[in-house]
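Residue numbers (the numbering used here), protein chains in the order written: chain X, 1 to 862; chain W, 863 to 1033. To keep things clear, I will list the structure first and then write my remarks on it.
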Amino acid sequence: MSTVYIENRPHQMNEKQNLLEGCLSAGMNLPYFCWHPALGSVGACRQCAVKQFKDESDTHGRIVMACMTPAANGTRISIDDPEAVEFRRAVVEGLMLNHPHDCPVCDEGGECHLQDMTVMTGHAYRRATFEKRTFRNQYLGPFVNHEMNRCIQCYRCVRFYREYAGGGDLNAFSLRDIVYFGRERDGVLESEFAGNLVEVCPTGVFTDATHKRHYTRKWDLQFGPSVCIHCGLGCNTSVAERYGTVRRIVNRYHRAINGYFLCDRGRYGYEFVNSSQRIRQPRLRGRLVPAEAALGYLRLLAGGSVMGIGSPRASLESNFALRKLVGPEHFYAGIPSSEASVLALMLKILRTSTARTPTLHEIEEADALFILGEDVSNTAPRMALSARQSTRQQPMQGLERLHIPLWLDHPVREAVQNARGPLFVATPFATRLDGIATRAIRGAPDDLARLGFAVAHAINGSAPSEGVVDGTAEIAEALQRAHRPVVISGASLRNAALVQAAANIARARPGAALALIAPECNSLGLALLDAAPLEGALATHAETLIILENDLYRRAPEEVADKFLSRFHHIVVLDSLENATTRHAELLLPAATFAEGDGTFVSSEGRAQRALQAFVPPEAIAESWRWLGEWKSLDEAVAALAADIPALAAITSASPPASFREAGQKIPREPARYSGRTAKLAQISVHEPKPPDDPDTPLAFSMEGSPNQPPPAVTPFFWSPGWNSYQAINKFQEEIAGPLRGGDSGVRLFEPAARGNGYFPGAPRRFEPKPNEWLIVPIHHIFGSEELSRHAPGVAELAPQPYVALNPRDAEAFGAEVFCLGQRVRVRLAPEAPSGVVGVPADIPPFLGFDLPMRAEIRRAE
Amino acid sequence: MLSALRTLWNVFLHMFRKRVTVQYPEQKPYLAPRWRGRIILSRDPDGGERCVACYLCAVACPVDCIALQATEDQTGRRYPEFFRINFSRCIFCGYCEEACPTYAIQLTPDFEMAEYERQNLVYEKEDLLIDGPGKYPGYNFWRVAGVKIGGKDKGEAQNETAPVDLHTLLP
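What follows is the structure in structure tokens.
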């Protein structure tokens, strides 16, 4: 820590940060544009000018940029110095010269960093009378809207898009004072992190195109602190609602997990909540029935012989409620044994391994990565962004000797040049991380597992291995040389040997962290409930079957699912969207989505986090645990769950209980300036209803409540006086880019074991291509492979058409189209793919319900 | 005694003063043009809806009696899908008019809004929208704003240069 004097008053600052970060951490208001806590300083916008003094006797001082000056001990600065104030005002006036008169029709208005900074600097009247330059906009895809006139040339967008997220198709085209940020021509932005431009851009150049279709100002939205349900990473999000529909998702900062950024599936997958396919009322044999009647019938059925199928996308409470209703012996996990066995193995490793499960932040700081069998960009996209940052770690290790602070972005990039730290990607098909990988290795899943076993053996001779695999030595050496190596694997290929190999490496290399990616938002939570896989359910019988938020036609082949469902007298289905399974329901109950219900989810990291509802739906929609259980509140459900399952006892502390009060008051879900309270329902009745009670959380469906900062787990949105944009996050952190005040939310269920288990023996045998029998492997897609986000129109637009990926040599035997798994689909050439392996898009119709990978025949389509 | 006589005399004098009672409703009182009465939504000189659904009136409203939802036509021109004022809550403070960046929402010199049913005091857009520009005849927000809408391309607004041809930026 260092002592910095601001207006002659001492402040404690982190000497590893710059003055701007120090001032913001100290709670000062200092305007800025080009600096971003995740992107570092470039000193381009000249907005954070302060006056620095030599010593106490210096009255002249000189103007410096706070973002380019280290917070060194004894520094004396003034923010309020008249010259510095005038300098900042003049800079903003210059930036505003060409800014159009758009605020009333701009989607950024009301949460605009440029508005905030302009007000902060006191620039209120335009003196310039000459003409403004204009630009034409580009179509950038279904997610991001472009309005180039509003640009203030801070360069944050290209710095994020190109340097941070590794995108190639957004660039600056410039000549003199004319700078254009866009693509070469109209087209969908290629990066799966393009949605972050909406939050990175300080003004309205890049705005949320899905939000534009049902636009609401930030102050009019009711927020809920939520957890993303579109993959297993558990990124924190804020869900925003108005007039009973979800309007947008914004990032909810969590230092250890998502930091400042989300992936586009997480940001834009929300529209399924507003889908016309939503189930909104209970239905008995196709007819709408009141909730009480449906509940009565459910109780009647539950009294008889009953069996339940849980779901990896339902919350812990919902799965537990079903398990309790039908009895643990009649509760099945609802995933095929191929997946369940890998998840059980992952759980065993999490419990017994000496390796730490890294947070995404720790992956960002890793200096060597080995990704084994997981296409991270598609199965856990936010982790790919972290992996990208990790490749800078090793080249940056020498910078301290050069006296370059890490926040000084351009000198760091000059010093690093194109050097990249070790990143090894071993997958069957090409991934989007290949471009920055030290080496990308292609092979059949078993061959990749053999590589993993061989690497473990090369690091530590006592680890088992069979034979030499190409690339082993290089990977082993890199992992050994690194200070903080991380091995990443997961369940997406449903190959236990891959996970075992990753665990062996983590065991062979002490200090290595091991990240195992679970396929869905609560896969790990379901595994913790220790239920038998779907095959167990197929073999048994009962009068009544209760299916919890699970489309069996995605878990088993159509004919198997048909036959299975036809065996029951009564089928009860709880779900949020119509699907193939809900059509078989005798009793269909409307389940709440993450936006309307509360529940706890366990992420791949083993962190239990609670997603809390944003609004109360007008219809009979309720959480599945409320339909199935007898509990009156979430706390009761959590307490029952914690008491019954010791492994989950810690989840009670995942978020504060409903009785929690901040300064004696509930926490408001609505910003203080929420409008239209006395008019929004006046068309129905002029007598305003009382806002709904919330018995489950310490939050209120109101603008009234404590103005203090709530604990991070129940912070619905970020706002601070004068800071209306997302940059208000500065005011909620312990220090800039540090954890939120109150610490990282959620509770980690697993910490490294002290002693650990032994090595997993025996690598699998080498994969041998067989004539006329192909190994069909799933290829995951960020847009399309996930069940719920597919119902969002933008995601559906970007989802791929069905295809079969083949090595060009193998494809020679076939034409442009083939029959594969009973479907006629076109062939897509995958030059690097291993011979004898065929890729099909995972969980994209018509490839639903197949237990991939599997061996099957493909035929030429005539 | 003297005071009572003076009072009688004063009352007597009042018989010859000018009458202030207005025979309302037969006789309408004078209301200044800026009088804050019934709220209307105006149209710009071209006849298009002036309201751009920016939500500023709603947020300025101290009793929160304005609710609306923004939408856009195919050309990108923004307008309110619905616009509702609950006049049973309105205090006619005029903050909405003051906040309006397009002169769309205006208070008018009309107070004759009494209803027997409170529900009838909820006005929708069709009740609010008038056919003229109201108090501010010349102004058209879209001619000043930089966004492109039907009939106005980029660079055609006031004080704008023609759009930059991106080919001039290429090396």
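All C-beta atoms in this analysis are idealised placements derived from N, C-alpha and C, irrespective of residue type, glycine included.
Rounded to the nearest whole angstrom, the C-alpha separation of F615/X and A622/X is 11 angstroms.
By the Cβ rule, the stretch 830-847 of chain X does not count as touching the stretch 541-551 of chain X, because fewer than three pairs are nearer than 8 angstroms. Around P691/X, the same chain offers A700, F701 and S702 as residues with beta carbons nearer than 8 angstroms, after the five sequence neighbours per side are excluded.
The residue from L852/X, G398/X and T391/X with its alpha-carbon nearest to that of P557/X is L852/X. The shortest CA-to-CA distance from H1029/W to any of V499/X, A26/X and E184/X is the one to E184/X.
For F819/X and A861/X, the gap between their C-alpha atoms comes out near 6 angstroms. With its beta carbon less than 8 angstroms from one in chain W, Y180/X belongs to the interface. Judged by their CB atoms, L385/X and F261/X are nearer to each other than the 8 angstroms cut-off. A straight line joining the alpha-carbon of Y998/W with that of R940/W spans about 20 angstroms. For the stretch 202-222 of chain X, the set of positions with a beta-carbon nearer than 7 angstroms to some beta-carbon of chain W reads Y215, R217, W219 and D220 in chain order. Within the same chain, Cβ atoms closer than 6 angstroms to the Cβ of A440/X are found at V425 and D434, the five residues on either side in sequence being excluded.
Apart from sequence neighbours up to five positions away, the residues of its chain that approach E586/X with a beta-carbon distance below 8 angstroms are L284, R285, H570, I571 and V572, ordered along the chain. Within 10 angstroms of the beta-carbon of K1010/W lie 16 or more other beta-carbons, which makes it buried. Rounded to the nearest whole angstrom, the CA to CA distance from F1003/W to R265/X is 37 angstroms.
Selection L170/X, S174/X and G167/X evaluated against L1032/W yields S174/X as nearest (Cα-Cα). Contact between C913/W and C958/W fails: their C-beta atoms lie close to 11 angstroms from each other, not under 8 angstroms.
Scanning A513/X, A799/X and L798/X for the CA closest to the CA of P752/X turns up A513/X. Apart from sequence neighbours up to five positions away, the residues of its chain that approach K212/X with a beta-carbon distance below 8 angstroms are D107 and N145, ordered along the chain. Annotated as proximal: R217/X and Y917/W, with beta-carbon spacing under 8 angstroms. Per DSSP, N522/X is not a residue of any alpha helix (DSSP H), being assigned neither H nor E. If you check the CB distance, T118/X and E1022/W do not come in under 8 angstroms. Around H101/X, the beta-carbon contacts reaching into chain W at under 7 angstroms are V1006, A1007 and G1008. In this structure, Y332/X sits near I309/X, with a CB-CB distance shorter than 8 angstroms. Bounds of any alpha helix (DSSP H) do not take in D694/X, whose DSSP letter is neither H nor E. By the 16-neighbour rule on beta-carbons within 10 angstroms, P100/X is buried. For R677/X, a Cβ of chain W is located within less than 8 angstroms of the residue's own Cβ. At a cut-off of 8 angstroms between C-beta atoms, N149/X counts as an interface residue with respect to chain W.
The beta-carbon of F954/W is placed no less than 8 angstroms from the nearest beta-carbon of chain X. Rounded to the nearest whole angstrom, the CA to CA distance from A66/X to A165/X is 26 angstroms.
Considering only N14/X, R242/X and A128/X, the residue with the shortest C-alpha distance to N274/X is R242/X. Of the other Cβ atoms in all chains shown, fewer than 16 fall within 10 Å of the Cβ of L870/W; this residue is therefore exposed. With distances taken between CA atoms, Y886/W lies nearest to E974/W out of L867/W, E979/W and E974/W.
Chain-ordered, the chain W residues with CB closer than 8 angstroms to the CB of Y243/X read Q931. Closer than 8 angstroms to the CB of A961/W there is not a single CB belonging to chain X. Here the stretch 294-306 of chain X does not lie against the stretch 594-605 of chain X, with fewer than 3 beta-carbon pairs under 8 angstroms apart. Look at V105/X: its C-beta is under 8 angstroms from a C-beta on chain W.
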